[in-house]
Amino acid sequence: MIADRAPIRSFQENTSSWLCALTAPWRGLTQPARAAEHLVAASGVAFATTFVGHTLAFGSAIMAFRLWLATVGPVLMGQPGARPVVAIEIWRNWHANGYCGTALRTVLFASVVTAVVVAFVAWLLFPYTHMRGSLWAAYRRTFRGVVSCAGLVILIAGAHGVLFALAMNQFVVNPLVAGSTTNELPCSMIMLAVPANLCLITWWTSRVVRSL
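Here the sequence shown is numbered in my numbering, starting from 105 and rising by one per residue.
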């Protein structure tokens, strides 16, 4: 229970250490409310480092999935004579005209979209933390509480990406049985798990914000 813990001091006192702030999204997997409190109590620089770092990590995961998809994309699309290619070949094509290639643009775009989504979710949930006083202070607490759930989101998204890649590889390795239930069942189960996990993330985030 939240009431059984020794409370962390006020947000303005910035009592949470850098280590607590940086690890809060992952400590939140087992202690969500406590991790959120630590992140709320962190200094502005510590929180910004945590937020930017985890946003870029999520963007990098999206880039890695896109890189893998490009290696087998032509085969999955059924193009005649298509063959899987190695990731390094795609990487070189992405950066043929300089360092600011498709990989970097994907990371930056995914990171910006992620930041906007976090801000929007915090806006939807901040009435739970605004009992009185400044609207900005309530929104800031909510925003930090939502960021404390980043570990769960990255873990679930990474698991979906790996499982989807493994399932799609079956269509490439076994093209003659691509229409059989042997290949379709894993993909169907993964796609059905997406809305279930979205509900889990929504419930988890709402629970964390309500505890602040």
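We treat Cβ as the ideally placed atom computed from N, Cα and C, and that holds for glycine.
* Return the first residue and the last residue of the alpha helix (DSSP H) that Ala-226 is part of. => The count along the sequence shown starts at 1 and reaches residue 226 at position 122. Here the alpha helix (DSSP H) through Ala-226 covers 206–229.
* Between Ala-322 and Ala-137, what straight-line distance do the alpha-carbon atoms span, to the nearest angstrom? -> Absent from the structure is residue 322, since the part of the chain shown begins at 105 and ends at 316.
* To do: Answer with buried or exposed for Leu-133, where buried requires no fewer than 16 other C-beta atoms within 10 angstroms of its C-beta.
  => Stepping through the sequence shown from its first residue, residue 133 is reached at position 29. Exposed is the call here.
* Integer Cβ distance of Gly-163 from Thr-218, believed to fall under 8 Å -> Here residue 163 refers to the residue found at position 59 when the sequence shown is read from its first residue. Here residue 218 refers to the residue found at position 114 when the sequence shown is read from its first residue. Gly-163 to Thr-218, Cβ: 7 Å. Contact.
* Straight-line Cα distance separating Asn-197 from Ser-310 -> Taking the first residue of the sequence shown as position 1, residue 310 is located at position 206. Taking the first residue of the sequence shown as position 1, residue 197 is located at position 93. Spanning the two alpha carbons is a distance of roughly 42 Å.
* When DSSP labels each residue in this structure, what does Leu-123 get in the three-state scheme? -> Position 19 of the sequence shown, counted from the start, is the residue given in the question as residue 123. Helix, per DSSP.
* Any heavy atom of the ligand MN within a distance shorter than 7 Å of the CB on Cys-204? -> With respect to the ligand MN, the structure shown offers nothing to examine, as it has no ligands at all.
* Residues in its own chain within less than 8 Å of Val-216 by CB, not counting five upstream and five downstream? -> Here residue 216 refers to the residue found at position 112 when the sequence shown is read from its first residue. Exclusion of the five residues before and after Val-216 leaves no residue of its chain whose Cβ lies closer than 8 Å to its Cβ.
* For the segment 240–274, which segments carrying the beta strand (DSSP E) assignment without a break, of at least 3 residues, lie completely within its bounds, in sequence order? -> Listed in chain order, nothing qualifies, since the segment 240–274 has no complete beta strand (DSSP E) run of 3 or more residues.
* Asked: Just how far apart, CA to CA, sit Val-251 and Phe-155?
  -> Within the sequence shown, the letter at position 147 stands for residue 251. Within the sequence shown, the letter at position 51 stands for residue 155. Between the alpha carbons of Val-251 and Phe-155 lies a distance of about 7 Å.
* **Contacting residues, own chain, Cβ-Cβ under 7 Å from Ile-194 (five flanking each side not counted)** => For the purposes of this step, residue 194 is identified with residue 90 of the sequence shown, where counting begins at 1. Taken in chain order, the residues that qualify are Leu-171, Ala-174, Thr-175.
* Figure out for me which residue from Phe-247, Ala-128, Ala-241 has the closest Cα to the Cα of Leu-228. => One-based indexing of the sequence shown puts residue 228 at position 124. In terms of CA proximity to Leu-228, Phe-247 leads the group Phe-247, Ala-128, Ala-241.
* To do: Determine the closest residue to Thr-306 out of Val-266, Gly-249, Gly-265, with distance taken between C-alpha atoms.
  => Along the sequence shown, read from residue 1 onward, the residue named residue 306 stands at position 202. Nearest to Thr-306 by alpha-carbon distance, out of Val-266, Gly-249, Gly-265, is Gly-249.
* At which residues does the alpha helix (DSSP H) containing Ala-191 begin and terminate? -> Along the sequence shown, one-based indexing puts residue 191 at 87. Run containing Ala-191: 191–198, per the alpha helix (DSSP H) assignment.
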